[in-house]
Every structure is written in structure tokens, then in C-alpha cells.
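Just so you know, the protein sequences line up as chains R and B, in that order. Read in the numbering used here, the first sequence has 1139 at position 168, and its numbers run on one by one without any break. Read in the numbering used here, the second sequence has 1264 at position 293, and its numbers run on one by one without any break. Heads up: the structure comes next, in C-alpha cells.
Protein chains: 2
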Amino acid sequence: MGCHDVAVSVPTSARLLALLSLLQQRREWSGPELADRLEVGPRTIRRDVDKLRGLGYPIEAAPGVAGGYRLGAGADLPPLLLDDAEAVAVAVGLRTAASGSIGGIEETSVRALAKLEQLLPDRLRRRVQALGDTTSAFQIDGPRIDADLLATLASACRDHERLRFGYGAKDGTQSSRETEPHAVVHSGWRWYLVAWDLDREDWRTFRVDRIAGRPVAGGRARAREIPGGDPAAFVQRSIRQGDEVTPVPGRIRVRARAEAVAARVPASRATVAPDGDDGDDACIVTTTGGWSRPFLVWMALLDLELEVLGPPELAAEARTIATRLGAAI
Amino acid sequence: MGCHDVAVSVPTSARLLALLSLLQQRREWSGPELADRLEVGPRTIRRDVDKLRGLGYPIEAAPGVAGGYRLGAGADLPPLLLDDAEAVAVAVGLRTAASGSIGGIEETSVRALAKLEQLLPDRLRRRVQALGDTTSAFQIDGPRIDADLLATLASACRDHERLRFGYGAKDGTQSSRETEPHAVVHSGWRWYLVAWDLDREDWRTFRVDRIAGRPVAGGRARAREIPGGDPAAFVQRSIRQGDEVTPVPGRIRVRARAEAVAARVPASRATVAPDGDDGDDACIVTTTGGWSRPFLVWMALLDLELEVLGPPELAAEARTIATRLGAAI
DNA sequence: TCGACTGCGGTCAGCTCCTGACCGCATGGG
DNA sequence: CCCATGCGGTCAGGAGCTGACCGCAGTCGA
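So this is what it looks like as C-alpha cells:
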């Protein structure tokens, strides 16, 4: 389990790390037990515990026959020592979190994922990939996105690395872009890459779902300042002024109190407001981004009386699904 | 960002940890840069890098003016040094992974979550909680489960701690159980706790979704051997012989090739097989656990011609949803 | 109540190791 | 070509670590 037994080379540092690892694996350890494991005297263990405490890790200790050491929750998170399976679980969890099934932490998840993927041994990366593949069918909403791609982009931003990738513009034309990535931004239902386009010599925002194939890294990026300083604001501006079609939100009226409905609708995807006329037992649900078929289905799952207010396409979609299900019996 | 500057107390160990942290934060660092950050001479940095290499961390270095150090992927995962936001993202990701939206790694996720939650500073735990709450509405399938509760149970198993909790049996009677938890098992769509029941003096399996309130920890558990050794097998036996109602799987016929459908249905939730009569352009999808309303909805989302084969309740459900959507227009 | 086991911390001698300083070398980019 | 970088050797002083011993104070079980 990654214990190495390198105690030969850097005795005390290696031992401190090993000690931390042991303390994370099990909650309670007695001094002699630890001394035995680490092949040092009990006195040294006591001193090591003191050192870890000095480093900020809160190690509690209890005297008595049932006593021992335990690592508690402190002011800072200690270095996490994960075994293989746990690391895979973390990576997979971050991928789903990044794909937006959570709301509010997508960008952080991508950052953490980028960090993790860089350190992940190959054998584990393959396992993550395999699990991710069987899972991708779960992507329920919004454009399908690729967590690996996001992690790659985020790494490039963090490490100031140039990227070259194929990009399909909205009119369908493919082009190859040489860029210096600066930020990955999540708009609530779409991912964007803010980068300096070396050929066009200007800032551009790229829709991540339109990037084709694997980006190729190449060379260092120069330090540049995004106009306005805030990547998110930059994306906002460029898609507002831009040629982006603003997605049409879907609106559905539900016969139930707003609070009851809000509790069952993910806040990141839709907002719930009491119906003006009949606020006590009806409310209106509006999607955050554009409407989508899955949104409709979520609403149907509520098992409450619905009324599609718009747009007409949403109503048409409702009819289609209703017909499908009706015909299935 | 958790830098501490405790370089006073345990110089080299603290510095090694800090160095590892820096190398995880950014991909590329030059020697003088690191020396400056850690307030030591460049020579010491070189030596520290060597030490880390000796500990098994693959640090690559490039000479030349564009050179520097970078931490690569090695045989083992180095201790992960996460900042606050990243730690929260990891915790949230693990919670969703544990709630079964992934398939195949639920139990590992719970283990990792237990480890993480024990180390998580309070302020971060609160943030995780908050995010988890707004998210819980997303639980789409199976009984609603509480990731916190699972983590608590997993901790107790790992640490051999007794737990007392309220339990609602299937006939509705509430009782208080004093247990020594031994394993948390995921059956594919339900969670079970395998524990020694101190009052009944025998092994029991508890359905986690029937545990009421927060379990209370109390005292050490004695080491005991689960009959048969394998907790999963034990759960299998006890729910098979047991009074558990085996859930009725749902079966739906889809007019499309099996491979095409399989790619869009999470393997952990349902199996896809070619239709005997008409294998080339029809297949039958069978749920792993019992059928559920969300399962039906997944199928409707495929936008393919469906036929509900059974059970009758599933057909009735389809009719209900179809009616709801039909009436919504 | 007692004893056994635990953790705590002080002290000491010996020895490991760590550090900063200096050196020359190899490498890669501008 | 020149520069900045990483590499590794050596040296001397000093800091740090280790194991051994001691007595103390909690806590649990008998």
C-alpha cells in the first residue's frame, strides 16, 4: 500500500509521512503499535507525534489502557494519503461533479481534477477512464462534455502552456487554433475556454463542446492580462454581444406550493417562483439555461399537475414523449 | 493556503511537505524560485528534490533557460495537498459517487468519504453539507440515501466503534439497536449495514435507509469474524432467505439494436439483451433492482419506440406520466 | 482498591544529517 | 556565442535526531 520502506534514505521525513498515512488509515493507534510498524522506539514515536502537531496536524491522544493516538479535524486539511481504489473513486467523483450534476462547484472540480490527473499513475488513469466511459451515458442535461478535455484545458491554463486544437465554429467551418489558454469558465450550463488566439492576435472565447479531438500542448505561454481581469465577465460579454444564440428558457406551471417544488428541483438548473395569480398552490419553474428534454422529464417526475407555458418547442417535446410513453403500454 | 511557515520547528520535513505542495500547485518551478519561496539556498532545494525522488515521487527536471522542476505521475499517488475549495469539491464528488450515480465504486467512495470527513475542518464540512443539501433533490433513483450517514457507518466499521441507532423494521415498529458495525455493503441499489447486534447477540443486516436519526457512537467493538468471511455474501444470504420483498424488475422492449441502447443505459442499473425474435433491431432492457419511475423516464429519453413488457405497475406508471405530459400542453 | 497499560516529558551522550558555501560540469534557448 | 538552468562533488560547522533511562499522570478492568 505504498509504504515503500524507504526509511533508509530520509529517515525522519519518510517516517512522518508514513505516520500520517497510518493515522489516516485507521482512527486509533497505540504508541507501541506505531513504534512496531515504523521500526523505531516508542520515544521516537512520541517525538514524531509532537512534530506533526508542530506542523499543524491535530493529533489527539488518550492515556489509559484503551488509549492511543488519533488524527482529528484541524484548521487545515492534512495531505490526503489515498490508496489506489480511493484515488479512483475521487477522480470519478470529480468527473461527475465537473460534468455539472452538482451545481456551483464545477470549476473547482475541474481544477482539482486537473491536479489529480497529473499525479495519477497510468494504471489508475486507465481505470478511471474505463469507469467514466460506462458512466457517460448518465450525462443527462446540457451539451455532452468530456471531463478529460476539461482537465487538460485547466492544466494548460494553470501551467501557462500553449494549446493547439481543432475548433468548429457555429457555421460549421473547422479551423485549427493556436492558443494560450487562460481560464476555463462554466456559464451554468456550458463550458468556455478563454484564451489568447495567437493567429488572430486577440482574446477569444471557445465553446469547449466545439473543440474537436485532443488538444496538443506546445510551448510556454506568455503572461497576459485578460481585459477586465475577470474571465467570467469576459465570457459574459463575449457571448452577449456575440453571435451566440441565447438559449430559450423553458417555463412550466406546477400546481403545488413553490417551496414544495423548490425542494425537489436542483437550484442550479431552474428557479421556482410562486405564481402571481394563484401563489398559494401554484408556481412557475424557469430553467436557468435553455430548456431541455431532460428538464421536461424532471418535471414529469414530480408527479404533479403541469402546464407548459413555453416555448412552443417545449410543448411539442412534451407531446412527443407523451406519445412515446402512451404507445409503450 | 495552508503554508504555515512552521519552518522553524521541523525544518526539513516541513520543507519537503511544502515543496510537494508547491509542485502540485503549479506544474513548473525553477530552482531559484523554489529556493526563494522556501527561504533556503538553491543547493538545499536540489538536495530536497533528491530526497523526494528517494521517497518515490518522480520529479522531472529540465536544464537550460526554460528548464525547471515538475512533478510527474509515478508509481504511487503522492499525498494530495488540496486547498479548501478543492477539498470541498472532492467531498461533494464523493458524495454523489456514493449515492450510486456511478456504479461499481459506491463502496470505495464511501470509504474515501469517511476518511476525508474525519479530516475535514468544520468550516469546510459545513460548506459540503450546504452544497449537498441543495443537491439532494438530484437523487434520481432508488431509495434516498444520506452520504453523511454512510460515511459515519463506514467510519464505525473501520474504527471498530459501537453504534446505537433507531431502526424501523419493515412492519413499521421502531426499535433502538446497540451494534458493533462490521461492513457497509451496496447491493446495486440499496445499502446495508452488517453488524453484530449486542442485544440479540447475533449478526444482523440493517437497511441503511431504515436507520432513523444520527447514530450515536459508544465504545470499542470486539473483534469478531463475520460468518463466511464475506460481508457481501452474508447480505446476499440474509436478504434472500429473509423477509425482504424482492423487488420486481422492469422490462421494456426497445426498437433499436442492443449495442446502440446499451451505450446509453448505465450498465449498473439495467442490462440490455437482443430480443430473441427480432435481435437485429429490437432489444429488451431489464432493470438490475426493482423498476422505478426514473427508469421509465430514462427510457423515454432515448427517443426510441418502446414497449413496456412488465410489470403491470410499470405500464400504469407510463400511462400516468404520458397523461401528465399530455395534459400539460 | 489496585495494578497494568497507556501517554507525557525531561535529560544525556552519541551520532547522523543537514545546511550553505564553494567549485566545475552539462544542457538548452535566444 | 552567452546565459540561465540543473547536477553533483566537497568541506566544515552546527543543528537535529535517536535510544536509553527516569518518574509522572490518567484510565480501564479485575
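Ideal Cβ placement from N, Cα and C applies to all residues, glycine included. Just so it is clear, the structure is predicted and the values come from calculations on it, not from any experiment.
Once you ignore the five residues that flank residue i on each side, which residues in its own chain have a CB closer than 8 Å to its CB?
| i | result |
| --- | --- |
| B/Ala1108 | For B/Ala1108, the predicted model reports a pLDDT of 39, less than 50, meaning its position is unreliable and no value from the coordinates is stated. |
| B/Arg1195 | Glu1151, His1153 and Trp1167 |
| B/Leu991 | Leu1023, Tyr1028, Leu1042, Pro1049, Pro1050 and Leu1052 |
| R/Ala1183 | Phe1136, Gly1137, Tyr1138, Gly1139 and Gln1145 |
Given this structure, state the Cα-to-Cα distance separating residue i from residue j, to the nearest angstrom.
| i | j | result |
| --- | --- | --- |
| B/Gly1189 | B/Trp1167 | 14 Å |
| B/Arg998 | B/Leu1124 | 38 Å |
| B/Ala1056 | B/Gly1281 | 46 Å |
| R/Glu1151 | R/Ala1192 | 6 Å |
| R/Arg1185 | R/Tyr1138 | 11 Å |
| B/Leu1169 | B/Arg1133 | 9 Å |
| B/Thr983 | B/Asp1093 | 29 Å |
| B/Leu1301 | R/Leu1275 | Nothing about residue 1301 of chain B can be reported from this structure: the residues present for chain B run from 972 to 1300 only. |
| B/Leu1051 | R/Pro1029 | 18 Å |
| R/Gly1297 | R/Trp1269 | 18 Å |
| R/Leu1121 | R/Arg1161 | 12 Å |
| B/Ile1300 | R/Asp1119 | 40 Å |
| R/Ile1116 | B/Pro1034 | 38 Å |
| R/Ser1146 | B/Leu1091 | 46 Å |
| R/Ser1080 | B/Ala1060 | 5 Å |
| R/Asp1330 | B/Gly1200 | The displayed coordinates of chain R run from 972 to 1300. Any statement about residue 1330 of chain R would go beyond what the structure contains. |
| R/Ala1287 | B/Arg1295 | 14 Å |
| B/Glu1088 | B/Arg1066 | 11 Å |
| B/Ala1289 | B/Val1236 | 18 Å |
| R/Ala1234 | R/Leu988 | 44 Å |
Applying the criterion that 16 or more other CB atoms from any shown protein chain within 10 Å of the CB defines a buried residue, is residue i buried or exposed?
| i | result |
| --- | --- |
| R/Asp1112 | Caution is warranted here: a pLDDT of 47 is assigned to R/Asp1112, below 50, making its placement in the model unreliable, and the coordinate value is therefore given only provisionally. R/Asp1112 is buried by the Cβ-count criterion. |
| B/Val1036 | exposed |
| R/Asp1019 | buried |
| B/Pro1283 | exposed |
| R/Thr1144 | exposed |
| R/Arg942 | Within the shown structure, residues of chain R are numbered from 972 to 1300, placing residue 942 of chain R beyond reach of any answer. |
| B/Asp1007 | exposed |
| B/Met972 | Model confidence at B/Met972 stands at a pLDDT of 40, short of 50, so the residue's coordinates are unreliable; what they give is reported in the following sentence. Exposed. |
| R/Arg986 | buried |
| R/Pro1198 | exposed |
| R/Gly1247 | exposed |
| B/Val1225 | buried |
| R/Glu1010 | exposed |
| B/Val1187 | exposed |
| B/Arg1148 | buried |
Suppose the cutoff is 6 Å on Cβ atoms and the five residues either side in sequence are ignored; what does the same chain contact list for residue i look like?
| i | result |
| --- | --- |
| R/Arg1041 | Arg998, Glu999 and Glu1031 |
| B/Ala1203 | Val1156 |
| B/Ile1016 | Gly1002, Leu1005 and Ala1006 |
| R/Ala1227 | Leu1275 |
Skipping 5 residues on each side, what residues in its chain have a beta carbon closer than 7 Å to that of residue i?
| i | result |
| --- | --- |
| R/Ala1244 | Ala1229, Cys1254 and Ile1255 |
| B/Tyr1163 | Val1156, Thr1176, Phe1177, Arg1178, Val1179 and Val1206 |
| B/Gln1110 | Per-residue confidence for B/Gln1110 stands at a pLDDT of 46, beneath the threshold of 50, marking its modelled position as unreliable; no derived number is given. |
| R/Pro1003 | Pro1013 |
| B/Val979 | Caution applies to B/Val979, whose pLDDT of 41 falls short of 50 and renders its modelled position unreliable; the value that the coordinates give is listed next. So the list is empty, once near-sequence residues are dropped. |
| B/Ile1076 | Ala1068 |
| B/Arg1181 | Tyr1138 and Gly1139 |
| R/Cys1128 | Pro1152, His1153, Ala1154 and Val1155 |
What does DSSP give as the partner residues of residue i in its beta bridges?
| i | result |
| --- | --- |
| B/Asp1168 | B/Thr1150 and B/Asp1173 |
| R/His1157 | R/Trp1162 |
| R/Trp1262 | Per DSSP, none; premise fails for R/Trp1262. |
| B/Trp1000 | B/Tyr1040 |
| B/Leu1134 | B/Thr1150 and B/Ala1188 |
| R/Pro1245 | R/Cys1254 |
| R/Gly1281 | R/Arg1222 |
| R/Leu1051 | B/Leu1051 |
| R/Arg1178 | R/Tyr1163 |
| R/Ile1030 | R/Leu1042 |
| R/Gln1145 | R/Gly1139 |
| B/Ala1183 | B/Gly1137 |
Can you tell which of the options has the C-alpha that lies nearest to the C-alpha of residue i?
| i | options | result |
| --- | --- | --- |
| R/Gly1221 | R/Val1165, R/Arg1066, R/Ala1060 and R/Glu1278 | R/Glu1278 |
| R/Ala1293 | R/Glu1276, R/Pro1050 and R/Ala1271 | R/Ala1271 |
| R/Gly1305 | R/Gly1027, R/Pro1034, R/Leu1053 and R/Gly1012 | Because chain R is modelled from 972 through 1300, residue 1305 of chain R falls outside the range shown and cannot be assessed. |
| B/His1302 | B/Val1165, B/Leu1023 and B/Ser1158 | One cannot answer for residue 1302 of chain B here, as it falls past the ends of chain B, which runs 972 to 1300. |
| B/Ile1210 | B/Ser1126, B/Lys1141, B/Gly1025 and B/Thr1242 | B/Lys1141 |
| R/Ser1158 | R/Thr1259, R/Trp1174 and R/Pro1265 | R/Thr1259 |
| B/Lys1086 | R/Ala1234, R/Arg1181, R/Gln996 and R/Ala1287 | R/Gln996 |
| R/Asp1047 | B/Arg1096, B/Ala1289, B/Ser1080 and B/Gly1039 | B/Arg1096 |
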